[in-house]
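Some notes on the structure that comes next.
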Amino acid sequence: MTLTIEVTPDIEQALAEAARRQGQTLEAAATAALREVFGDMPSHQTQPDATLALFEQWDREDATDDVDELQRRDREWRETEGQLRSSRIRFRNAGELTDGKAA
Numbered sequence: 001m002t003l004t005i006e007v008t009p010d011i012e013q014a015l016a017e018a019a020r021r022q023g024q025t026l027e028a029a030a031t032a033a034l035r036e037v038f039g040d041m042p043s044h045q046t047q048p049d050a051t052l053a054l055f056e057q058w059d060r061e062d063a064t065d066d067v068d069e070l071q072r073r074d075r076e077w078r079e080t081e082g083q084l085r086s087s088r089i090r091f092r093n094a095g096e097l098t099d100g101k102a103a
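Right, here's the structure in full:
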């Protein structure tokens, strides 16, 4: 990742001095300073995604082999899907009317 930040002259000077003392570029010295503050944190890709973990937890909690329950959920989903489709069509048509287009 590339990050551009504005620093005050005193910070720039301190960073340049640290880089010179350590035989590093300014970029390497800035990275080292940030690591010192934030630690060597693993990247977000290596950490479990909290949202996905929550969805997986819900899946485990809702797991069932009950045929009646599965059929109820399926009916409920089809009803919700139909309502969403109707709303989308209704709002699209309302938008066309306000744009001066024929429905």
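Following the UniProt record's numbering, the numbering of the sequence shown begins with 1 at its first residue and continues without gaps. By construction, the Cβ of each residue, glycine as well, lies at the ideal position given by its N, Cα and C atoms.
Rounded Cβ spacing between residue i and residue j (contact assumed at less than 8 Å)
{"i": "A19", "j": "L26", "result": "5 Å"}
{"i": "A30", "j": "L15", "result": "6 Å"}
Nonlocal neighbours in the same chain, by C-beta distance under 7 Å from residue i, ignoring five residues either side
{"i": "T64", "result": "L70"}
Nonlocal neighbours in the same chain, by C-beta distance under 6 Å from residue i, ignoring five residues either side
{"i": "R75", "result": "none"}
- Query: Residue ranges of each alpha helix (DSSP H) run of no fewer than 4 residues wholly in the region 19-100, ordered along the chain?
  - Reply: 26-38, 50-62, 67-98
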